[in-house]
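Residue numbers (the UniProt record's numbering): 1 to 252. Positions of the beta carbon are idealized from the N, C-alpha and C atoms, including for glycine. Here the structure comes first, spelled out in structure tokens, and everything after it is commentary.
Structure (structure tokens):
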């Protein structure tokens, strides 16, 4: 008899511990009604079993569980839903909206009648594998500029939201260059070597397009604004033909 009694209390302790952990987990995930329902249910079950005066109520525990889960919780959930505003107009404060408009690259537009700049991406390799460490050379048709390391202006949870890179005249950058047939094939910058990797106008680099898009462009480069000495801002945007070109942009 003592064995079965000890086993019963042990099972009750295990049930209580796991139920409390489950209720805490639900509360942390925002399921407040279900969490409170579970807490109250745990308290009543333990009270009915441990209190000798509440012995008759033990036989009501199965019905009590069904009552709380199938009746009381749905009522509480319905009341909460009825008085919750699910509109989108109140999710962010005015300050957050203004900040998002100022820094999010989504809220930019291409300056009308602006001509795209040509750009080439140079990537640092580790052995035979390319990395997402890159340099960009930009040309407006008459002069060449280089964008070196970018600085982070806005990030969230370790993810880049907006970055900025200065466009410096290539002749004034002090970089060491290696050319082949008039084309820059290699850049040396602070002991690092960057090799010619991608240019949207050069079909010979199309083999690198997937890596460029998914490891460099989408996570990093598309969120960088390149700024020249006059304060003009440029960024990579997709044109009507689907090509990824660098345009003069402005924020809304």
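Taking buried to mean at least 16 other C-beta atoms within 10 Å of its own C-beta, is residue i buried or exposed?
{"i": "residue 240", "result": "exposed"}
{"i": "residue 25", "result": "exposed"}
{"i": "residue 11", "result": "exposed"}
{"i": "residue 71", "result": "exposed"}
{"i": "residue 120", "result": "buried"}
{"i": "residue 38", "result": "buried"}
{"i": "residue 223", "result": "buried"}
{"i": "residue 176", "result": "exposed"}
{"i": "residue 60", "result": "exposed"}
{"i": "residue 83", "result": "exposed"}
{"i": "residue 41", "result": "buried"}
{"i": "residue 173", "result": "buried"}
{"i": "residue 210", "result": "exposed"}
{"i": "residue 212", "result": "buried"}
{"i": "residue 146", "result": "buried"}
{"i": "residue 248", "result": "buried"}
{"i": "residue 252", "result": "exposed"}
{"i": "residue 134", "result": "buried"}
{"i": "residue 79", "result": "exposed"}
{"i": "residue 74", "result": "exposed"}
{"i": "residue 107", "result": "exposed"}
What number of angstroms, rounded off, separates the C-alpha of residue i from the C-alpha of residue j?
{"i": "residue 16", "j": "residue 43", "result": "9 Å"}
{"i": "residue 49", "j": "residue 30", "result": "30 Å"}
{"i": "residue 166", "j": "residue 94", "result": "30 Å"}
{"i": "residue 129", "j": "residue 112", "result": "39 Å"}
{"i": "residue 153", "j": "residue 9", "result": "58 Å"}
{"i": "residue 160", "j": "residue 64", "result": "51 Å"}
{"i": "residue 62", "j": "residue 54", "result": "15 Å"}
{"i": "residue 198", "j": "residue 226", "result": "18 Å"}
{"i": "residue 242", "j": "residue 230", "result": "29 Å"}
{"i": "residue 244", "j": "residue 202", "result": "12 Å"}
{"i": "residue 20", "j": "residue 56", "result": "25 Å"}
{"i": "residue 23", "j": "residue 66", "result": "17 Å"}
{"i": "residue 7", "j": "residue 45", "result": "17 Å"}
{"i": "residue 180", "j": "residue 155", "result": "39 Å"}
{"i": "residue 142", "j": "residue 215", "result": "30 Å"}
{"i": "residue 264", "j": "residue 238", "result": "A query on residue 264 cannot be resolved here, the shown segment of the chain reaching from 1 to 252 and no further."}
{"i": "residue 168", "j": "residue 28", "result": "50 Å"}
{"i": "residue 228", "j": "residue 81", "result": "52 Å"}
{"i": "residue 144", "j": "residue 85", "result": "54 Å"}
Report the partner residues of residue i according to the DSSP bridge assignment.
{"i": "residue 227", "result": "166 and 233"}
{"i": "residue 178", "result": "186"}
{"i": "residue 194", "result": "124 and 187"}
{"i": "residue 247", "result": "235"}
{"i": "residue 109", "result": "250"}
Assuming residue i and residue j make a contact with CB atoms under 8 Å, what is their CB distance in whole Å?
{"i": "residue 137", "j": "residue 170", "result": "7 Å"}
{"i": "residue 33", "j": "residue 68", "result": "Actually they are not in contact, since the Cβ atoms of residue 33 and residue 68 sit about 11 Å apart, beyond 8 Å."}
{"i": "residue 196", "j": "residue 207", "result": "That pair is no contact at about 13 Å."}
{"i": "residue 246", "j": "residue 234", "result": "5 Å"}
{"i": "residue 217", "j": "residue 187", "result": "Between residue 187 and residue 217 the Cβ distance is about 19 Å, and since that is not below 8 Å, they are no contact."}
{"i": "residue 131", "j": "residue 125", "result": "7 Å"}
{"i": "residue 150", "j": "residue 158", "result": "Residue 150 to residue 158, Cβ: 16 Å. No contact."}
{"i": "residue 189", "j": "residue 148", "result": "6 Å"}
Entirely within the stretch 111–173 and at least 3 residues each: give me those beta strand (DSSP E) ranges in chain order.
-> 118–126, 129–139, 144–147, 151–156 and 159–169
Quick one: which unbroken alpha helix (DSSP H) runs of 4-plus residues sit fully inside the stretch 53–93? Chain order, please.
-> 61–67 and 73–82
Scan the UniProt domain "DUF4896" (11–53) and note each continuous alpha helix (DSSP H) run of 4 residues or more that stays entirely inside, going in chain order.
-> 32–50
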